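Residue numbers (the UniProt record's numbering): 1 to 320.
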């Protein structure tokens, strides 16, 4: 796909970093996005949010919030690539709304809801998409949690598989809960789902149409935790080797979840494909966005290369 560059380059603020435990992952995504935007079409302004919440431009001085808003106000569109809390959860969307700037991605409500894995489960179940049976646990209730068998323990609102543990025996439950509660004050304890891990990305294009990517299967020896995700041991197979029935079911469920949550931009919808059917794992409204991340790989397999995917996202935000 090719586009004709505008007479005057569009000024795009690309935001990375953030105050969450996904700071470094976000920096990598933001740098990759900024480098890939066509310089003939886009004038990129790189903004970084430090771990302490302060802002800065590329090689520039630190900015307070008012200074950051002034920079955003001088841009035509904002492309936030801040994963996790204080970014993906709707906070940056709210800031852009208040600053009156169009932005890439989901609005405040969908970002907050999709970031909350417990609420996402409730929404999915309401539209007929199965999720793993689970319980919501806090620091006050963790001590009373009884062992019922192998479980996955995860923070309710964190990403990049940080704080996620597969617990196979009773003596591992308390340490796993402590690790997850160190990142979030609410924790999800889910029954282990046995099946293939398959992701589908959903994109709202600049013309308003919504399309799903080819499915991607994650093949890993063991548990797909943070180390497997970023250590290079996982094998991403795209398109996944699926029969037509399973492929259509995954696409339909991904589109339904995207629509029910009210997402915009691009989102990655993660599933387990079991013998009994598909099970939703989670929805990421600000997924990893380096060229080698899952979402760009999926759309590249559909004939939409990385730079063209970014172009679609920015043009869709400007057209909204």
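Ideal Cβ positions, reconstructed from N, Cα and C, are used throughout, including at glycine. Predicted, not measured: the structure shown is a model, and the values here were computed from it.
How should residue i be labelled, buried or exposed, when 16 other C-beta atoms within 10 angstroms of its C-beta is the threshold for buried?
| i | result |
| --- | --- |
| residue 154 | buried |
| residue 23 | buried |
| residue 117 | buried |
| residue 84 | buried |
| residue 121 | buried |
| residue 234 | buried |
| residue 214 | buried |
| residue 322 | Nothing can be reported for residue 322: it is not among the residues displayed for the chain, which extend from 1 to 320. |
| residue 50 | exposed |
| residue 110 | buried |
| residue 65 | exposed |
| residue 174 | exposed |
| residue 244 | exposed |
| residue 74 | exposed |
| residue 185 | exposed |
| residue 87 | buried |
| residue 48 | buried |
| residue 11 | exposed |
| residue 165 | buried |
| residue 123 | buried |
| residue 311 | buried |
| residue 125 | exposed |
| residue 265 | buried |
| residue 32 | buried |
| residue 259 | exposed |
| residue 270 | buried |
| residue 152 | buried |
Compute the Euclidean distance between the alpha carbons of residue i and residue j, then round it to the nearest angstrom.
| i | j | result |
| --- | --- | --- |
| residue 131 | residue 286 | 21 Å |
| residue 314 | residue 308 | 10 Å |
| residue 59 | residue 17 | 14 Å |
| residue 168 | residue 292 | 32 Å |
| residue 80 | residue 248 | 31 Å |
| residue 15 | residue 139 | 33 Å |
| residue 34 | residue 171 | 46 Å |
| residue 136 | residue 98 | 33 Å |
| residue 282 | residue 89 | 14 Å |
| residue 288 | residue 236 | 14 Å |
| residue 78 | residue 317 | 9 Å |
| residue 242 | residue 94 | 39 Å |
| residue 284 | residue 290 | 15 Å |
| residue 134 | residue 146 | 13 Å |
| residue 323 | residue 216 | The requested residue 323 does not occur in the structure, where the chain is confined to residues 1 to 320. |
| residue 25 | residue 162 | 11 Å |
| residue 157 | residue 239 | 29 Å |
| residue 40 | residue 9 | 7 Å |
| residue 28 | residue 45 | 16 Å |
| residue 183 | residue 21 | 8 Å |
| residue 62 | residue 13 | 16 Å |
| residue 254 | residue 301 | 17 Å |
| residue 128 | residue 206 | 29 Å |
| residue 211 | residue 262 | 15 Å |
| residue 192 | residue 144 | 20 Å |
Which residues mark the beginning and the end of the beta strand (DSSP E) in which residue i is found?
| i | result |
| --- | --- |
| residue 80 | 77–80 |
| residue 11 | 10–17 |
| residue 138 | 134–138 |
| residue 49 | 42–49 |
| residue 287 | Element bounds for residue 287: n/a, residue is neither H nor E. |
| residue 186 | 186–191 |
| residue 201 | 196–204 |
| residue 219 | 216–219 |
| residue 166 | 165–167 |
| residue 212 | 210–212 |
| residue 155 | 151–155 |
| residue 38 | No beta strand (DSSP E) contains residue 38, which DSSP labels as neither H nor E. |
| residue 235 | 235–237 |
Assuming residue i is part of the alpha helix (DSSP H), what are its boundary residues?
| i | result |
| --- | --- |
| residue 315 | 306–319 |
| residue 291 | Residue 291 -> no alpha helix (DSSP H), and no H or E assigned at all. |
| residue 175 | 173–181 |
| residue 22 | Premise fails: residue 22 is in no alpha helix (DSSP H) and is neither H nor E. |
| residue 119 | 117–126 |
Is residue i close to the ligand FAD? I mean its beta-carbon at under 6 Å from any heavy atom of the ligand.
| i | result |
| --- | --- |
| residue 310 | Absent from the structure shown: the ligand FAD. Ligands present: none. |
Which runs of the alpha helix (DSSP H) at least 4 residues long sit entirely within the region 57–107? Give them in chain order.
Complete alpha helix (DSSP H) runs here, min 4: 65–73 and 91–99.
Whole alpha helix (DSSP H) runs in the region 244–282 with 4 or more residues, listed along the chain?
Those alpha helix (DSSP H) runs which fall completely within the region 244–282 and span 4+ residues are 244–261.
Specify whether the region 257–276 and the region 57–75 touch according to this definition: at least 3 beta carbon pairs, one from each stretch, less than 8 Å apart.
As far as the Cβ criterion goes, the region 257–276 does not touch the region 57–75, which means the pair count is below three.
If we count Cβ pairs, one from each stretch, closer than 8 Å, do we get three or more for the region 293–302 versus the region 201–215?
Segments in contact, yes.
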